[in-house]
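Undergrad: Those protein sequences? They're chains A and B, same order as listed. Here the first sequence is numbered in the numbering used here, starting from 54 and rising by one per residue. Here the second sequence is numbered in the numbering used here, starting from 19 and rising by one per residue. In this text, a Cβ means the ideal position worked out from N, Cα and C, and glycines have one as well.
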Amino acid sequence: MSRPFDHVEGSGPPERPGPGINQPALGVTGYLRFFWRQLTSMRTAILLLLLLAVAAVPGSMWPQRSSDPNGVIQFFDKNPTLAPVLDRLQLFDVYTSVWFSAIYILLFISLIGCVLPRTLHHLKALRAKPPRTPARLERLAAFASKELDAGDTVADAAGAIQAARAQLRSGGYRVALYESGKNLSVSAERGYLRETGNLVFHTALIGILFAVGLGGGFGYTGQKIIIEGQSFVNIKGAYDSFTPGRFFTDAALQPYRLTLDDFSVKYEEQSIQAYGQPIDYTAKVTTWLPGQKGIDSTIKVNEPLALGGSELYLLGNGYAPTITVRDGKGNIAYTASVPFLPQDANLTSTGVVRVPDALPEQLAFRGFFYPTAGELSTGALTSIHPDLRNPVLTLFAYKGDLGLDNGIPQNVYALDPTDLTQIAGGDSGTPALELRPGQTVELPDDLGSVTFDSASPPTAAADDWSQSVPRYISLDVHRDPAQLWVLLFACLATAGLLTSLFVPRRRVWVKAIEGEDGSLRLEYAGLARGEDPGLDAAVAAIAERHTEGLKA
Amino acid sequence: MTETFDSFALVAIYSAMGVYLIAFVFFTLDLAKRSADAHAHAAAPVSVGQNAAAASRGTIATLEREAPASSAAPPRRIERAALALTALAWVLHVAGAVLRGLADGHVPWSNMFEFSLVSSAIAVGVFLFLQFWQDLRFLGTYISGFALIVLGVGTVNFYVPVTPLPPALQSYWLIIHVFVATLGTAFFAVGAGLSIVQLLQARREADRVSRLRFLGTMPKAEKLENLAYRVIVVGFVFWTFTLIAGSIWAFHAWGRYWGWDTKEVWTFIIWVLFAGYIHARATRGWRGSRSAWLAIVGFGAVAFNYTIVNLFFKGLHVYSGL
Ligand code: HEM
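#1: Drop a sphere of 10 angstroms on the beta-carbon of A/K131, count the other beta-carbons inside from all chains shown, and report buried for 16 or more, exposed for fewer.
#2: DSSP state of B/W289, grouped into three classes?
#3: Using a C-beta cutoff of 8 angstroms, does A/Q50 count as contacting chain B?
#4: Looking only at DSSP bridge pairs, what is A/G408 linked to?
#5: Would you list, in sequence order, the uninterrupted beta strand (DSSP E) runs of no fewer than 3 residues that lie entirely inside the region 431 to 456 of chain A?
#6: Whose C-beta lies closer than 7 angstroms to the C-beta of B/K51 among residues of the same chain, with five residues either side of it excluded?
#7: Tell me, please, whether the CB atom of A/Y423 is closer than 8 angstroms to any CB atom in chain B?
#8: Considering only their Cβ atoms, is the gap separating A/R218 from A/L237 smaller than 8 angstroms?
#9: Mind the definition here: the region 208 to 219 of chain B touches the region 298 to 313 of chain B only if three or more C-beta pairs lie below 8 angstroms; say whether that holds.
#10: Taking only the alpha-carbon atoms, compute the straight-line gap between A/P116 and B/S134 and give it to the nearest angstrom.
#11: In the DSSP output, what is B/W267 paired with across the bridge?
#12: First and last residue of the beta strand (DSSP E) that includes A/D333?
#13: Just to confirm, are A/A197 and A/L221 a CB contact at a threshold of 8 angstroms?
#14: Closer than 8 angstroms, CB to CB, is A/P331 near chain B or not?
#15: Taking 6 angstroms as the limit between beta carbons, can you name the residues of its chain near B/L28, skipping five residues before and five after?
#16: Comparing the C-beta of B/P237 with each C-beta of chain A, is any distance below 8 angstroms?
#17: List the DSSP bridge partners of A/G501.
#18: In the structure shown, what three-state DSSP assignment does B/W272 receive?
#19: At a Cβ cut of 8 angstroms, what residues of the region 343 to 360 of chain A count as close to chain B, listed as they run along the chain?
#20: Measure from the alpha carbon of A/P424 to the alpha carbon of each residue in A/V168, A/D517, A/D570, A/A467, then state which is nearest.
#21: From the DSSP secondary-structure annotation, give me the bridge partner or partners of A/T388.
#22: Which residues in chain B sit within 7 angstroms of A/I99, going by Cβ to Cβ distance?
#23: If you draw a straight line from the alpha carbon of A/K346 to that of A/Q492, how long is it in whole angstroms?
#24: Just to make sure I have the definition right: I need the residues of chain A whose C-beta is within less than 9 angstroms of the C-beta of B/D122. Which are they?
#25: For the beta strand (DSSP E) containing A/Y328, list its first residue and its last residue.
#26: When you compare the CB positions of B/I287 and B/A263, do they come within less than 8 angstroms of one another, or not?
#27: In the region 488 to 542 of chain A, which residue ranges form an unbroken alpha helix (DSSP H) of at least 4 residues, counting only runs that do not cross its ends?
#28: In terms of residue numbering, what span does the alpha helix (DSSP H) encompassing A/Q5 cover?
#29: Would B/Y177 count as contacting chain A if we go by Cβ distances under 8 angstroms?
#30: Inspect the CB distances between the region 158 to 176 of chain B and the region 127 to 146 of chain B and report whether three or more fall short of 8 angstroms.
#31: Could you spell out where the alpha helix (DSSP H) holding A/D140 opens and where it closes?
#32: Since B/P126 meets chain A, which of its residues come closer than 8 angstroms, beta carbon to beta carbon?
#33: With DSSP as the reference, label A/N370 as helix, strand or coil.
#34: State the start and end residues of the unbroken beta strand (DSSP E) segment that holds A/N236.
#35: Kindly indicate which three-state DSSP category B/T280 falls into: helix, strand or coil?
Structure, rendered in structure tokens:
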């Protein structure tokens, strides 16, 4: 209720002329006016707010493309008939959907239409004098009166009012003197900050909306997998995936360089219940801004690294076994560390190796990596701890045309074996290849050999596997040039909210009525806007202090 | 050490539940007694005057002077005992939470069991401390019942042994964000309780039927509405802060301040519902029962967010620990 006192909320249809008079047609402007007034009424604001709340619900019931794209794909797989229907209704893109946007855009138009006139009104009120003293103060919410006999007081009515004026003024009130008949009075008002706070709050909401929209437009997000010892240069082509905003230009990318020197994970050792649960991830990196010396930094979960106008987040990690493939002629056809995707909490991971350069035939491998291999009762392997304690790599091997020459992009983490011939594992007659770091196995049919290279330093003990396989991290890189603005508006909104809810806005009047016999009747009244539990006490205190000051 | 603290924590929690149960019974007996008292009063002309005053509601509450609360009846002994028991239970309850925190080695609000432990402790604490400001003892049944249910479900269905914090939760934002959210929840809970009584009271005032006689000893609907508003507004400020602190944390942890993750969606929904409530309170035609319903729906959304969303909805905030 920190509306202006004379604010009319939820104004109805345009006023109708009285009966008997020919009713003129509303006309286009009349209707526009009518709609505008409807849209900017408090009642519409409430309805739109409730509608917005309801409209946000479906986004939590179905997976959203923006936050969970894989979930959407899975949903389509599981519900092939329902999914397209939901998709038509934009239920997988709720927060960018036509209907959701319509609601919040209307709400914000309503908000602007509401805030603008109130701001003008408030600016005027800030310069205006406090209003004329009501005739009958005793009818107001808080009221007190005192009678002073002629002998009790040193002041006449004028003196009493001057004293009240000074007292209220020093109490932070804006004051004006009024005279009506024989009565002198002072009218005082304080707490303009309340309405100011309300306006700041609502305006800051508009600010947040614009800052969020613009920031997303000029920024970008990208993901990059970096294996220990490897580097990354911040150019568009270097990312594994890159999503630019609508107004993004390459100039927003600073070509810094970053090397992952070491990535270490600490695991819980004490608690039985949580044994093996990771408790710390630390990535040690060296970064170079263009033309500058390298700087050592760390990136942790919850502690991103700010670099070149962007932030780098540690979002995922896994193992990247180093695999070397020699072909049938004994030449090294492939050697690289291959990021494997974790499948469970103990980092059982899967990955794919394609060797198009192998001769005489192209080769491919589908692998499972177990950092601490253990055997299930079925005899199958599984990982029983996420750290490197008993690392085992198993590979299914294939030969045939990998189809890399036809230009169709292929998922680096998946292998479609339909056109290939399996030569190890599965039904091929040869068991899957099983390797530990440092081991080499021959492929059947003299097609070559595969080595699982160990990264352990030569000084490591024979059964210390802890450094044998490199780890990789998955970095999310974000740039949002408006994020500080969003924060600023959020702070403004909070400050505005606090002032508008907790600063009391009060009007206080003091009236002095001089009796024939020189006695003085003093009346005090207060009126609050909105909730003001302290009003009675405030008026009583003002009355008390004022009369004390007048006593002879 | 850890296991000892944890088992002491459980002992304290079970004792607290026992005492809450007695307090709940006492508060309920008190409601029954209120019915009897109100019946005795009904013969007196006073209560007629009260109803008339209630009927003459203006649109601007503060324009009329507040009639003295009709609950000025002398405090009943049973009610005082119930409140004292609630305070005792609360001390045990807080001790349980502290012990659990010691067992954890970090703040005890990182899984569903701990959420239920701490949120109910804060709700009861807010209820107790609000007594210094206003006599809200008539909400005792509601609050002690609330604490019993939350603690019961928490210990029976959600209990998990002490586990270390996963890296995603190792942030001082966990301390701030979750604690303020729980505070907001507590104020919303009290506000919803007041709104429920307000709705009942408004029904009673409207048809002047002598059903629910114990309501005769409680404040008028309009007074209840004002009380609810003041409590909920405080909750709203905390919730606004939760929203902002949550986005800052999300920004540190996931690199974006807002991503419409399930939990973010619900925090937003709750915030918008209560913004609607605040507007409703200031709008002719929406004051009174309609705004009370909004307050209740808002708190319903909070409860939904805590339980169903945590347990069954998919999202990044998978901290239920179950
Ligand atoms: C994005 C949508 C909106 C949100 C989230 C919102 C939120 C709020 C909140 C939290 C308050 C209470 C705090 C305060 O007094 O500053 C409030 C008050 C107010 N809002 Fe809004 N508002 C929105 C839109 C609107 C619109 C469209 C209007 C105009 C029709 C409006 C008019 C008012 C008025 C007049 C008050 C003062 C009510 C009182 O004193 O109790 N708001 N709003």
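TA: In short:
#1: In the first sequence, residue 131 of chain A corresponds to position 78, counting from 1. A/K131 comes out exposed.
#2: As a first step, residue 289 of chain B must be located in the second sequence, where it is residue number 271. Of the three classes helix, strand and coil, the one that applies to B/W289 here is helix, per DSSP.
#3: One cannot answer for residue 50 of chain A here, as it falls past the ends of chain A, which runs 54 to 605.
#4: Counting from 1 along the first sequence, the entry for residue 408 of chain A is found at position 355. Sequence inspection shows Val at residue 408 of chain A; the Gly mentioned does not correspond to that position. Partner(s): A/L416.
#5: 434 to 436, 445 to 452
#6: Counted from its first residue, the second sequence places residue 51 of chain B at position 33. Excluding the 5 residues flanking it on each side, B/K51 has same chain C-beta neighbours closer than 7 angstroms at R94, I96, in chain order.
#7: Residue mapping note: residue 423 of chain A aligns to position 370 of the first sequence, counting from 1. Output row for A/Y423: interface = no.
#8: As a position in the first sequence, residue 237 of chain A is number 184, starting the count at 1. As a position in the first sequence, residue 218 of chain A is number 165, starting the count at 1. At the C-beta level, A/L237 and A/R218 stay beyond 8 angstroms of one another.
#9: yes
#10: Taking the first residue of the first sequence as position 1, residue 116 of chain A is located at position 63. Taking the first residue of the second sequence as position 1, residue 134 of chain B is located at position 116. Roughly 27 angstroms between the two C-alpha positions.
#11: Residue mapping note: residue 267 of chain B aligns to position 249 of the second sequence, counting from 1. DSSP lists no partner for B/W267.
#12: In the first sequence, counting from the first residue as 1, residue 333 of chain A sits at position 280. A/D333 -> beta strand (DSSP E) spans 331 to 341.
#13: The residue labelled residue 197 of chain A in the question sits at position 144 within the first sequence. The residue labelled residue 221 of chain A in the question sits at position 168 within the first sequence. Cβ distance not < 8 angstroms, so A/A197 and A/L221 don't count as in contact.
#14: The count along the first sequence starts at 1 and reaches residue 331 of chain A at position 278. By this cut-off, A/P331 is an interface position.
#15: The residue given as residue 28 of chain B occupies position 10 in the second sequence. Here the set comprises nothing.
#16: Taking the second sequence and counting its residues from 1, one reaches residue 237 of chain B at position 219. By this cut-off, B/P237 is not an interface position.
#17: Taking the first residue of the first sequence as 1, we reach residue 501 of chain A at position 448. Per DSSP, A/D380.
#18: Numbered from its first residue, the second sequence carries residue 272 of chain B at position 254. B/W272 falls in the helix class under three-state DSSP.
#19: K353, V354, N355, E356, P357
#20: Walking along the first sequence from the start, residue 424 of chain A turns up at place 371. When only C-alpha atoms are compared, the closest one is A/D517.
#21: Here residue 388 of chain A corresponds to residue number 335 of the first sequence, with the count starting at 1. Note: A/T388 sits in a beta bridge opposite A/T377.
#22: Your numbering for residue 99 of chain A matches position 46 in the first sequence. Within 7 angstroms Cβ-Cβ: G294, H297, A298, T301, W304.
#23: Translated into the one-based positions of the first sequence, residue 346 of chain A becomes position 293. Translated into the one-based positions of the first sequence, residue 492 of chain A becomes position 439. If I take the Cα positions, the gap works out to 40 angstroms.
#24: Here residue 122 of chain B refers to the residue found at position 104 of the second sequence. Chain A residues near B/D122: none, gap ~10 angstroms exceeds 9 angstroms.
#25: The residue given as residue 328 of chain A occupies position 275 in the first sequence. Here A/Y328 belongs to no beta strand (DSSP E), and DSSP marks it neither H nor E.
#26: As a first step, residue 287 of chain B must be located in the second sequence, where it is residue number 269. As a first step, residue 263 of chain B must be located in the second sequence, where it is residue number 245. It is not a contact, given that the beta carbons lie outside the stated cut-off.
#27: none
#28: This structure cannot speak to residue 5 of chain A, because chain A is shown only from 54 to 605.
#29: Sequence index remark: in the second sequence, residue 177 of chain B carries index 159 (1-based). No - not a single Cβ of chain A is within 8 angstroms of the one on B/Y177.
#30: yes
#31: Within the first sequence, numbered from 1, the residue matching residue 140 of chain A stands at position 87. Here the alpha helix (DSSP H) through A/D140 covers 135 to 141.
#32: By 1-based counting over the second sequence, the position of residue 126 of chain B is 108. Listed by position along chain A, the residues whose Cβ is nearer than 8 angstroms to that of B/P126 form an empty set, because the closest Cβ is around 16 angstroms away.
#33: Locating residue 370 of chain A in the first sequence gives position 317, where the first residue counts as 1. Correct three-state label for A/N370: strand.
#34: Walking along the first sequence from the start, residue 236 of chain A turns up at place 183. Counting along the chain, the unbroken beta strand (DSSP E) around A/N236 starts and ends at 236 to 243.
#35: The residue labelled residue 280 of chain B in the question sits at position 262 within the second sequence. Three-state result, B/T280: helix.
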